[in-house]
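Written out below as C-alpha cells is the structure these notes cover.
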Amino acid sequence: MESQMYTGNITYKDIEFVFLFDGKILQLVPQKDKFMELFLDFFTEKDSSTGLCRSKSAPLFVQDDILIGKCNESNYQTIIFLPRKGSVFSENQNKFEIEINAFILCREGGESISCMEFSCQELDYIYPIHRVYTISYESNDKEIILKAERNNPRKIKNRVFNLEGRDIGLHFGITTKISEKQNNSPIVFNSTMRFEFEPTNDYIFILHLYEIAREFIQFLCYRRNIVFNGVNLISNKVKIGIMYESSEIICDSNPEKRGCISADLIEEHVVDLLNCIAEGNLFLRHIPKDYEESTVVDIASFLSVMTAFEWEFKKKYPNLDDQKSQKTILAENIVEEEIVKLVESSTGKEKTIYKKLKKSIRSFTPLNQKIKIIFEDFQDEIELFGKKLYLRNNEEFNINSISSRLAEQRNDFAHGNLDKEFNLATIIDIILMEFIIYIMQLSYCSIESVNIKKAINDLFLQKIIF
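When we follow the numbering used here, the leftmost residue of the sequence shown carries the number 48, and every step to the right adds one.
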C-alpha cells in the first residue's frame with residue numbers, strides 16, 4: 048500500500064468531523080469550540096455521589112462496523128473505513144483516533160460488489176505469467192516476436208467454495224498492460240486471483256473474503272508478509288473501487304528466491320483448501336512472519352510448530368485417547384478410587400500432591416507416539432525428504448530418535464526449562480516437523496501424494512528431481 052495522507056469529511060455519532068487518515072489511524076478533527084464539550088461527553092461521567100465529572104472506568108470501544116466519509120484526494124468520491132475489531136476510541140492532541148483494519152475507496156452511488164480481484168508478487172509465481180505469451184525468433188535472428196493473449200481470467204472448473212453460506216467462484220488469470228511511455232516497460236504481465244459472488248454491500252463480508260485470500264496465499268508461501276497491490280472491487284465487470292488493508296507489513300523480498308506451492312499442484316482440490324481456511328480447519332498461526340524468520344529456530348518457533356503438529360494430529364485422530372483397552376480403563380478406575388480415598392483422608396501438602404496425582408491417572412497418547420503414528424501414515428512422503436535432510440547434515444534419520452528428542456525438548460520447555468540450548472539434531476527435527484505439518488494439511492485437503500511431494504519440494508526448495 049502506498050503511503051498517502053487522506054483528508055475529507057465524515058460523520059461519527061451524528062457529529063460532523065474533518066478527518067485525517069494516514070493508512071492506519073483515522074483522526075477525527077472537531078470544530079475548535081466543540082472539542083472540550085465532545086471530550087467530556089465521550090470520556091467522562093458524573094459521579095452519582097458527588098455530582099462531579101470523573102473519567103469513565105471502562106475504555107470506550109468503537110461499536111461501528113463501518114464509517115463512511117467523503118475523500119478529497121482520491122478520484123473516488125467515497126472512502127469506507129472498517130475499524131479494527133476491539134478498537135478503542137481515544138484522544139490525541141485535540142483529535143479523536145480510531146485504529147482502522149481496512150479501507151475502501153469507491154465511487155459514489157452505492158453499487159453492489161460482485162467480484163474481488165487480487166494481485167501481488169507471489170501470485171506471479173503461484174500462477175506463472177508465462178502461460179499467456181509465446182516467443183519466436185525470425186530466421187535472420189534480427190526479430191523477436193512475442194505473442195500474448197488478451198486478458199482472459201481462467202475459471203477453474205467447478206471450483207466454488209463457501210463462506211458464510213455464500214458460494215464464491217475462484218478464477219485465476221493474467222492481465223496484460225501495454226505502455227508507450229519512455230520510462231515504462233512496453234508490456235507487463237501480472238497474475239490475478241478473482242473471487243466472484245452474488246452482488247453485496249456487506250463490507251464485513253468483503254473484509255472476511257480479503258482475509259481468506261491473504262491466508263490462502265500465506266499458506267502457499269509459508270510466510271505472513273503478503274501484501275496485495277490493492278484489491279479491485281468490481282460490479283458488472285466494471286471496477287467501482289479499490290480496497291486496502293491497514294498494515295505495517297512490508298514485503299521487500301523477491302518471491303523468486305523463495306518457495307511457493309503452485310496452483311497446478313492443488314487445482315483439483317483447491318476448493319477443499321479454501322473451505323478449510325474459511326472454516327478454520329487448518330492451523331496457520333505457526334506460519335513465520337517472513338522468509339528470514341523461517342530460517343531461525345528458537346523456543347517460540349519450536350513451541351509454535353509443535354502446537355501446530357498436535358492440533359493437526361488431534362484433527363486426524365480425534366478419538367485416539369478413547370480407544371483404550373478394557374484392562375487399561377479398569378486399572379485406571381481402580382487406581383483413581385484409591386487416590387480419591389487418600390485425597391479425602393489427607394490434609395495440607397499431602398492432599399495437594401494426591402490431587403495432582405489424580406489428574407495424571409488418565410493416560411494420554413505421548414507426543415513421541417503421535418509422531419510415530421504420523422510417520423507410519425505418511426512414511427513414503429516423510430522418508431523422501433527426511434533422509435536427504437538428515438544426510439545433508441550428517442545426522443542419522445531414525446524416527447525413534449527424532450520423536451524422542453522432540454518430545455524431550457517440548458517437555459523441557461513446557462516445564463519452564465528454557466535455559467537448555469538446542470542441539471543440531473533437534474533443529475533438524477523441527478525443520479522436518481514443518482514438512483510433516485504441510486504433508487498432514489495437504490492430505491487433509493485430499494491432495495494426491497505425488498502432488499504433496501512436489502508441493503513440499505517447491506515450497507521448501509528441496510531440489511529433489513521427480
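Every residue, glycine too, gets a C-beta built ideally from N, C-alpha and C.
Asked: Proximity of Ile289 and Ile281 at Cβ, strictly below 8 Å; Found: no
Asked: Bridge-paired residues (DSSP) for Gly288; Found: Cys153 and Leu280
Asked: Residues near Ile449 in its chain [Cβ-Cβ closer than 6 Å; skip 5 each side]; Found: Asp476
Asked: Rounded separation between His177 and Asn237 - CA only; Found: 10 Å
Asked: Beta-carbon proximity check, His218 vs Glu258, cutoff 8 Å; Found: no
Asked: Asp171 versus Thr239: straight-line alpha-carbon distance, rounded; Found: 8 Å
Asked: Reference Asn441; option with closest CA among Asn447, Ile474 and Gly463; Found: Ile474
Asked: At least three beta-carbon pairs within less than 8 Å, the segment 343-351 to the segment 385-392; Found: no
Asked: Three-way DSSP call (helix, strand, coil) for Met52 in this model; Found: coil
Asked: Alpha helix (DSSP H) segments (min. 4 residues) lying fully within the segment 444-494; Found: 446-461 and 471-491
Asked: Interface flag, Phe236 vs chain D, CB-CB below 8 Å; Found: The structure shown has no chain D; it contains just one protein chain.
Asked: Helix, strand or coil at Ile273 [DSSP, three-state]; Found: coil
Asked: Beta bridge counterpart(s) of Ser137 as assigned by DSSP; Found: Glu144
Asked: Residues near Asn248 in its chain [Cβ-Cβ closer than 6 Å; skip 5 each side]; Found: Ser159
Asked: Same chain, Cβ closer than 6 Å to Leu508, neighbours up to 5 away in sequence not counted; Found: Gly306
Asked: Classification of Phe108 by the beta-carbon crowding that lies within 10 angstroms, buried from 16 upward; Found: exposed
Asked: Coil, strand or helix - Arg131 by DSSP; Found: coil
Asked: Extent of the continuous beta strand (DSSP E) run through Glu92; Found: Thr91 to Lys93
Asked: Range of the contiguous alpha helix (DSSP H) that encloses Arg439; Found: Gln426 to Arg439
Asked: Candidates Glu315, Tyr59 and Glu227, of which the one nearest Val207 by Cα; Found: Glu315
Asked: Gly133 classed as buried or exposed, judged by whether at least 16 other C-beta atoms fall within 10 angstroms; Found: exposed
Asked: Check whether Gln124 and Glu164 have beta carbons under 8 Å apart; Found: no
Asked: Touch test, the segment 109-123 against the segment 54-67, Cβ-Cβ under 8 Å, three pairs minimum; Found: yes
Asked: Reduced DSSP category for Asp214 - H, G, I as helix; E, B as strand; rest coil; Found: strand
Asked: Per-residue burial, Ala502 [other beta carbons within 10 Å of its own, 16 or more giving buried]; Found: buried
Asked: Touching by the beta-carbon criterion (3+ pairs, under 8 Å), the segment 210-229 and the segment 327-338; Found: no
Asked: Counted within 10 angstroms of its Cβ, other Cβ atoms place Met518 as buried (16 or more) or exposed; Found: Any property of residue 518 remains undetermined from this structure, which presents the chain solely from 48 to 513.
Asked: DSSP bridge partner residues for Cys162 (one or two, in chain order); Found: Glu243 and Ile281
Asked: Exposure label - Arg261; buried when at least 16 CB within 10 Å; Found: buried
Asked: Residue burial classification, Ala105 (beta-carbon count within 10 angstroms, cutoff 16); Found: exposed
Asked: Proximity below 8 Å, CB of Ile147 to CB of Lys71; Found: yes
Asked: For Gly327, the three-state DSSP class (helix, strand or coil); Found: coil
Asked: Spatial neighbours of Gly433 in its chain, beta-carbon cut-off 6 Å, leaving aside the 5 residues before and after; Found: Phe444 and Leu479
Asked: Classification of Glu295 by the beta-carbon crowding that lies within 10 angstroms, buried from 16 upward; Found: Because Glu295 carries a pLDDT of 49, less than 50, the predicted location of this residue cannot be relied on, and the following value inherits that uncertainty. Exposed, by the Cβ-count rule.
Asked: Val274 to Phe252 span [Cα, whole Å]; Found: 20 Å
Asked: Span separating the alpha-carbon of Ile215 from that of Gly277; Found: 20 Å
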